[in-house]
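Listed in order, the protein sequences are those of chains A and B. Start counting the first sequence at 1; every next residue gets the next number (this note's numbering). Start counting the second sequence at 1001; every next residue gets the next number (this note's numbering). A short write-up of the structure that comes next.
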Amino acid sequence: MKDIKIKTRDLTLYYGANMALNSISLDIPEKEVTAFIGPSGCGKSTFLRTLNRMNDLIDSVRITGEVLVDSVNIYDKQIDVVNLRKKVGMVFQKSNPFAKSIFENVAYGPRINGINKKSDLEGIVESSLQKAFIWEEVKDRLHDSAMGLSGGQQQRMCIARTLAVEPEIILMDEPASALDPISTAKIEELIFELKKDYTIVIVTHNMQQAARVSDLTAFFYLGELIEFGKTRKIFTTPDKKHTEEYITGRFG
Amino acid sequence: MKEPIEKTGFVFSRESLKKRFRLSEFLAEKIITGVAFLSITIIVLIFFFVFKESLPIFASTKKDAAKIENVQQQEQYGGDTNVATNALGQEQYGLEPSGPVNASGQEQYGVIEADSLMMDHQVMVEDNRDHGSEKATVKSLLGKKWLPVSDNPRYGLIPLFVGTLKITLIAMLFAAPIAILAALFSAAFAPYWLREIIKPAIELLAGFPSVVIGFFALMVMASFFQDIFGYDGRLNAFVGGVAMALAAIPIIFTITEDALTAVPRTYTEASLALGASRWQTALFVTLPAATPGIFAAILLGIGRVFGETMIALMATGNAALTSVNPFESVRTLAATIGAEMAEVVFGDTHYNVLFLIGSLLFIFTFSLNALAEFYVKGKLVKRFQGKQS
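Here you go:
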């Protein structure tokens, strides 16, 4: 077992009066891919978003328990969310490029961190796009609008944009759910490459995808963590009946 | 209840499926269509009426051109209607050229105008001898003197345009930054409960009677700014411009706020997830994405200032001067109509010119709004289809 990167203890989250997560305790190891599966509304995306405090944007959210990233409680009052999010990057379900050029999109992160030298930015942009396997496709049109890319390219560019701020953890919220099979395959290939350097947490509706890309799988149901373990075990010999029923497609 | 299930009686046949005429629906549809076209027609008719009243300026020019040779220069400026101006103008306004009309500021300028009037007169006379007087009236519209009720009336629109532009510029310099920053605060930083207070409050200001703002400017702001800057004329373009900014702020604020909140949430999230602070997100992501909307807001604000009459009338001093000094009086196009329309002789050249000003204002605000509309649509569509970076 590798080192534990993220550790949650009794994490409970309320939207107003509704409990969305019930006492989740989970250890996510470093430089592996951890997948969250479960039916819609089971709290897996919500849980993912607590890991870089994106839920802070919603006024009615209340959180108890602890989330430790590298043994630091990120819900401590002293924590600067901005620095946390630089370390814990996020890729969203719907690709969300800014209405700017590809270059400007990727350079945005480094820019707000104070890197302004053109040669530095060019280097970062190129290496980020290369890591996201999209460099070859866009190198001649870096200064065209990112809106002109296809859905799959946009998503990979968004991953490149996330990589450009040099995070250690990448959270992916159904990154391939809006993409065709070929683009999905590319994203999965990319995830496989990225796990050499990054800790990846991915939420997915697609069970085959979870089985293909992840090392560990967590099954959520109605705000509770039902089962968590090696992907192979979860998909072949799960401990809980509930998990088995979901994976075999009997519900959800 | 007598026919609980329609289906039982329904026979699927050519007869039962035949088109039926539904009178109420037909009428409702026609009435709605009629109302829509009526409103459009009314607007068009208003414009044509206003424009028609200004037409004699151009028409009389041609008419006069034929007989102009035998006529004294006096008549060239106004054509045949000019006689009426002189006769009636005399009665109403008394001795004109150097007479102070209203406020204190006017006095100084009146003198200057009287001086240059003589020179101007001669220049114009010579001009007319040279070119014939084919375009006498139209040409005088481009003159630098607005003296509609003098013995030798001149209808130069330049000072009115300069005045209007000056006021608009000053008003926008104040209104745009304040309104946009306020909207940014409301859209990006204010907590929910505060936004729910701020937005309606500022929107209510949009319905504030402009005469009240004008009164406030006239009584309070004029003295206040005079104490600060120490200029001579109490009422001037600066005071008027700031007062107009008060009128324009709610409009710019509301539309900018809408544009900012319409920026997709995914943009904000993407930026925040990259480790940008809220301030950086607002400045580098939200604001640029809302540019078309903000541009439209500013254009509409300009339209408001351009057509604003009461504040201009009350707070600007109303002297038709052509200068760049913001602390001198100005007379705007709208205020000119407001001030003079009630006293003008029906059918007179002066009357026609006022209607021409009306048409110009109409055309200007119309094209400004159209520009705002098309720019926003075109720009947004292009952006989101990825044709433009």
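For glycine and all other residues, C-beta sits at the position ideal for the given N, C-alpha and C.
Taking residue i as part of the beta strand (DSSP E), name the residues at either end of that continuous run.
i               : result
Y14 of chain A  : 4-15
T217 of chain A : 216-221
S60 of chain A  : That residue, S60 of chain A, is in no beta strand (DSSP E); it is neither H nor E in DSSP.
T199 of chain A : 199-203
A35 of chain A  : 33-37
S23 of chain A  : 18-29
Can you name the start and end residues of the alpha helix (DSSP H) that residue i belongs to?
i                : result
N83 of chain A   : 81-87
E227 of chain A  : Here E227 of chain A belongs to no alpha helix (DSSP H); instead the beta strand (DSSP E) covers 224-230.
V1242 of chain B : 1237-1261
P1264 of chain B : Counting along the chain, P1264 of chain B falls outside any alpha helix (DSSP H), and DSSP gives it neither H nor E.
M157 of chain A  : 151-163
M207 of chain A  : 207-213
L194 of chain A  : 181-194
D173 of chain A  : Where D173 of chain A is concerned, there is no enclosing alpha helix (DSSP H), although the beta strand (DSSP E) it sits in stretches over 169-173.
N105 of chain A  : 102-112
D50 of chain A   : Before going on, a small fix: residue 50 of chain A reads as Thr here, not Asp. Segment 44-50, the alpha helix (DSSP H) holding T50 of chain A.
H242 of chain A  : 241-247
A1222 of chain B : 1222-1229
Q78 of chain A   : Run containing Q78 of chain A: none; DSSP gives neither H nor E here.
Using a Cβ-Cβ distance under 8 Å, would residue i count as near chain A?
i                : result
L1141 of chain B : no
Q1388 of chain B : Reliability of the predicted coordinates at Q1388 of chain B is poor, the pLDDT of 46 falling under 50, and the value obtained from them is presented with this limitation in mind. Closer than 8 Å to some Cβ of chain A, the Cβ of Q1388 of chain B qualifies, so yes.
G1275 of chain B : yes
P1272 of chain B : The residue asked about is misnamed: residue 1272 of chain B is Leu in this sequence, not Pro. Taking Cβ atoms only, chain A reaches closer than 8 Å to L1272 of chain B, which makes this a yes.
Q1226 of chain B : no
F1284 of chain B : yes
Y1351 of chain B : no
A1183 of chain B : no
Where does residue i land, buried or exposed, given buried means 16+ other C-beta within 10 angstroms?
i                : result
H143 of chain A  : exposed
F98 of chain A   : buried
Q276 of chain A  : Because chain A is modelled from 1 through 252, residue 276 of chain A falls outside the range shown and cannot be assessed.
E193 of chain A  : exposed
L1023 of chain B : exposed
W1193 of chain B : exposed
I1031 of chain B : exposed
K44 of chain A   : buried
E1025 of chain B : exposed
N1070 of chain B : Any reading at N1070 of chain B needs caution, since the residue's pLDDT is 42, under 50, leaving its predicted position unreliable; the model's value is listed next. It is exposed - the Cβ of N1070 of chain B has fewer than 16 other Cβ atoms within 10 Å.
D1348 of chain B : buried
G16 of chain A   : exposed
If you draw a straight line from the alpha carbon of residue i to that of residue j, how long is it in whole angstroms?
i                : j                : result
V203 of chain A  : F92 of chain A   : 10 Å
V67 of chain A   : R232 of chain A  : 26 Å
A1370 of chain B : I134 of chain A  : 42 Å
F1185 of chain B : I1298 of chain B : 17 Å
L1321 of chain B : K100 of chain A  : 46 Å
K31 of chain A   : K139 of chain A  : 29 Å
K186 of chain A  : S1039 of chain B : 57 Å
K5 of chain A    : G123 of chain A  : 29 Å
K118 of chain A  : G1275 of chain B : 21 Å
P1159 of chain B : R1331 of chain B : 7 Å
T1281 of chain B : T1268 of chain B : 6 Å
D215 of chain A  : S71 of chain A   : 22 Å
W1279 of chain B : I1178 of chain B : 17 Å
I1252 of chain B : G1307 of chain B : 15 Å
R85 of chain A   : A132 of chain A  : 19 Å
P167 of chain A  : N18 of chain A   : 32 Å
L1169 of chain B : G1241 of chain B : 8 Å
K1144 of chain B : K1379 of chain B : 39 Å
K77 of chain A   : V1263 of chain B : 30 Å
Quick one: does residue i have its CB under 8 Å from some CB of chain B?
i               : result
N116 of chain A : no
D173 of chain A : no
I112 of chain A : yes
T162 of chain A : yes
K94 of chain A  : yes
V165 of chain A : yes
D59 of chain A  : yes
Y75 of chain A  : no
Y14 of chain A  : no
G89 of chain A  : yes
M54 of chain A  : yes
Y108 of chain A : yes
R156 of chain A : no
Would you say the beta carbon of residue i is closer than 7 Å to some non-hydrogen atom of the ligand ATP?
i                : result
A1334 of chain B : As presented, the structure is devoid of all ligands, the ligand ATP included, so that no description of it is given.
So with CB distances below 7 Å, who are the chain D contacts of residue i?
i                : result
Y1375 of chain B : You won't find chain D in this structure, because its protein chains are A and B.
Next item on the list: Jot down the residue ranges of each uninterrupted alpha helix (DSSP H) in the segment 1305-1341 of chain B, minimum 4 residues, whole runs only, in chain order.
Entry: 1310-1315, 1333-1340
Check: Could you give the uninterrupted runs of the alpha helix (DSSP H) lying entirely in the segment 1131-1210 of chain B, keeping only those of 4 residues or more?
Finding: 1136-1141, 1158-1184, 1192-1205
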